[in-house]
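Asks: Chains A and B supply the protein sequences, listed in that same order. Using UniProt numbering, you'd call the opening residue of the first sequence number 1 and step up by one each time. Using UniProt numbering, you'd call the opening residue of the second sequence number 1 and step up by one each time. Beta carbons are placed, not taken as given, at the ideal position from N, Cα and C, and that holds for glycine.
2 protein chains.
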Amino acid sequence: MVCDDIPGTLRPPSFALGVPEGDDHERLICTSCGFIRYDNPKIIVGAVCTWESKVLLVRRAIEPRVGYWCMPAGFMELNETTEAGAAREVWEEARARVRIGPLLALYNLPHISQVHLIYSATMLSPDHAPGSESLETCLVGWGEIPWGDLAYPTVEWALRQHAERGGLAGAPYGNRAETYALP
Amino acid sequence: MVCDDIPGTLRPPSFALGVPEGDDHERLICTSCGFIRYDNPKIIVGAVCTWESKVLLVRRAIEPRVGYWCMPAGFMELNETTEAGAAREVWEEARARVRIGPLLALYNLPHISQVHLIYSATMLSPDHAPGSESLETCLVGWGEIPWGDLAYPTVEWALRQHAERGGLAGAPYGNRAETYALP
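1) Contact check, residue 70 of chain B vs residue 121 of chain B under 8 Å by CB: the rounded distance?
2) Reducing DSSP to helix, strand and coil, say where residue 97 of chain B ends up.
3) May I have the straight-line CA-CA distance separating residue 107 of chain A from residue 61 of chain B, to the nearest angstrom?
4) Hey, how far is the Cα of residue 130 of chain A from the Cα of residue 141 of chain A?
5) Assuming residue 78 of chain B contacts residue 79 of chain A (C-beta within less than 8 Å), just tell me the rounded distance between them.
6) Which first and last residues belong to the alpha helix (DSSP H) in which residue 159 of chain A is found?
7) Among the candidates A:126, A:134 and A:88, whose CA atom is the shortest distance from the CA of residue 54 of chain A?
8) Please tell me whether residue 115 of chain B has its Cβ less than 9 Å away from any Cβ of chain A.
9) When you compare only the Cα positions, how much space is there between residue 37 of chain B and residue 30 of chain B?
10) For chain B, is any of its Cβ atoms less than 9 Å away from the one on residue 164 of chain A?
11) Whose C-beta lies closer than 6 Å to the C-beta of residue 85 of chain A among residues of the same chain, with five residues either side of it excluded?
12) Once the 5 residues before and after residue 208 of chain B are set aside, which same chain residues still bring their CB inside 6 Å of it?
13) Could you check where the beta strand (DSSP E) with residue 116 of chain A kicks off and where it finishes?
14) Helix, strand or coil for residue 136 of chain A, going by three-state DSSP, please let me know.
15) Please name the residue, chosen from B:160, B:128, B:157 and B:167, that lies closest to residue 97 of chain B on a Cα-to-Cα basis.
16) What residues match up with residue 175 of chain A in a beta bridge as DSSP calls it?
17) Take the Cβ of residue 134 of chain A as the centre, count every other Cβ of all protein chains shown within 10 Å, and call the residue buried at 16 or more, exposed below.
18) Identify whether residue 102 of chain A lies in helix, strand or coil by the three-state DSSP scheme.
19) Rounded to a whole number of angstroms, what is the C-alpha to C-alpha distance between residue 109 of chain A and residue 174 of chain A?
20) With a cut-off of 9 Å, does the C-beta of residue 38 of chain B fall near any C-beta of chain A?
21) Relative to the C-alpha of residue 137 of chain B, which residue among B:145, B:147, B:144 and B:56 is closest?
22) Which residue or residues does DSSP assign as beta-bridge partners of residue 59 of chain B?
23) Give me the residue from B:42, B:19, B:48 and B:123 with the minimum Cα distance to residue 163 of chain B.
24) Going by beta carbon distance, what residues of the same chain come within less than 6 Å of residue 18 of chain B, once the five residues before and after it are set aside?
25) Residue 66 of chain A to residue 94 of chain A, Cα distance in whole Å?
26) In the structure shown, what three-state DSSP assignment does residue 82 of chain A receive?
27) Can you pull the chain B neighbours of residue 170 of chain A, defined as C-beta to C-beta under 9 Å?
28) From residue 24 of chain B to residue 161 of chain A, what distance separates their C-alpha atoms?
29) Using DSSP with H/G/I as helix, E/B as strand and the rest coil, what is residue 34 of chain A?
30) Determine the extent of the beta strand (DSSP E) in which residue 44 of chain A is found, giving its start and end residues.
31) My output table needs one value for residue 3 of chain B: the three-state DSSP class, helix, strand or coil.
32) According to the neighbour-count rule (16 or more other Cβ atoms, all chains shown, within 10 Å of its Cβ), is residue 16 of chain B buried or exposed?
33) Which residue wins for smallest C-alpha separation from residue 113 of chain B, given the options A:42, A:113 and A:91?
34) If contact means a Cβ-Cβ distance below 9 Å, which residues of the region 132-143 of chain B contact chain A?
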């Protein structure tokens, strides 16, 4: 039994790759019942959360990038909204309650078929604590952000873009390729 | 062999529902190899496309809502960006080439686990024609939009929100519950 011989997908022996009638992409099709399994990009929801002038960071307890710092973010679940998913991730990873504000950024990571939807959020209190996926959590000022120990480029993009706009609404930012000067 | 006994998901006999260690959601887990199959929301990408003051509509040739009118939109595919996916859908459904502009709207449809990302787009020429999923395509002025024959509420939301902003960038709109007065 091999379920993951195509990375990131499920392919039990009864499925074969084929192009369904009227389609132009290969799909996994059940050779016995014709059921078509569609694989599509996944959504990551998260939030840059602030309390006064400080920002909430979590240190990852799970792979990949164990020990590096992130804003709270994770895979959106079935039957939730993007805002509810972002607030859930903040609670799960940092045990903080937030009011989700404007959409800060939409990042496309087509090489791993992910779309990241990152909100600006305001903490309802300064309380925070690590959830099971975090080693520690912290509320830090701009000058204390561990720029060299961030888990992903998207974390730096989101922190800098949030600071540029001060959490206010506007057209969401996109991927940023530029190197920023550190403050 | 039953692959679709949970609607919208794949569940061959070797999979069973369970909560993986450290998780708090039920997932489909392979009983022989432990592979976890995650089901997550799907992204619909689309665009309100204009040529001068007219908007591009497509009449659906496929279920659901055959015969009703939409802006071009459909499921985002693996390894593409949201903008590329929106442009691809416009080409597939309406055989029009467009420049994708700002993100117009983000709609949450949690009851069907979909997130709709609708862009404003400008047609590169007035050319359009039905693709295989469309019965017909048209470029219509505001007063000619078939409000009573739109396929989904999101189509009306996107058309009206696009008109409000004239295709310019800004914070993306969200779901609209209000009933609009017809023009």
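Replies: Well, looking at it:
1) Rounded to whole angstroms, the Cβ separation of residue 70 of chain B and residue 121 of chain B is 14 Å, and the two are not in contact under 8 Å.
2) In the three-state reduction of the DSSP assignment, residue 97 of chain B falls in the coil class.
3) When rounded, the distance between both Cα atoms is 32 Å.
4) Rounded to whole angstroms, residue 130 of chain A to residue 141 of chain A spans 19 Å at the Cα level.
5) Rounded, the Cβ-Cβ distance is 22 Å, inconsistent with contact.
6) That run of the alpha helix (DSSP H) goes 153-165.
7) Minimum Cα-Cα distance from residue 54 of chain A among the listed residues A:126, A:134 and A:88 corresponds to A:126.
8) By this cut-off, residue 115 of chain B is an interface position.
9) Put simply, the backbone Cα of residue 37 of chain B is about 8 Å away from that of residue 30 of chain B.
10) Using a CB distance cut-off of 9 Å, residue 164 of chain A does not count as an interface residue toward chain B.
11) The answer, listed in chain order, is 45 and 76.
12) No statement about residue 208 of chain B is possible, as the shown extent of chain B runs from 1 to 183 and does not include it.
13) From DSSP, the beta strand (DSSP E) with residue 116 of chain A extends over 114-123.
14) Reduced to three states, the DSSP call for residue 136 of chain A is strand.
15) For residue 97 of chain B, the nearest C-alpha among the options comes from B:128.
16) None; residue 175 of chain A has no bridge partner.
17) In summary, residue 134 of chain A is buried, with 16 or more beta-carbon neighbours lying within 10 Å of its beta-carbon over all protein chains present.
18) Three-state DSSP puts residue 102 of chain A in a strand.
19) Their Cα atoms are separated by approximately 11 Å.
20) At least one chain A Cβ lies under 9 Å of residue 38 of chain B.
21) It is B:56.
22) Secondary-structure assignment with DSSP links residue 59 of chain B through a beta bridge to B:69 and B:136.
23) For the residues B:42, B:19, B:48 and B:123, the minimum Cα distance to residue 163 of chain B belongs to B:48.
24) Hits under 6 Å: 29.
25) Between residue 66 of chain A and residue 94 of chain A, the C-alpha separation is close to 15 Å.
26) Helix, per DSSP.
27) Under the 9 Å cutoff, chain B gives 169, 170 and 171.
28) Cα atoms of residue 24 of chain B and residue 161 of chain A: separation of roughly 32 Å, rounded to the nearest angstrom.
29) DSSP places residue 34 of chain A in coil when its eight states are reduced to three.
30) From DSSP, the beta strand (DSSP E) with residue 44 of chain A extends over 42-51.
31) Because the pLDDT of residue 3 of chain B is 39, which lies under 50, any placement of that residue in the model is unreliable, and the number read from its coordinates should be weighed accordingly. Note: residue 3 of chain B maps to coil in three-state DSSP.
32) With fewer than 16 neighbouring CB atoms inside 10 Å of its own CB, residue 16 of chain B falls in the exposed class.
33) With distances taken between Cα atoms, residue 113 of chain B lies closest to A:42.
34) Against chain A - using a Cβ distance shorter than 9 Å - the residues of the region 132-143 of chain B are 132 and 133.
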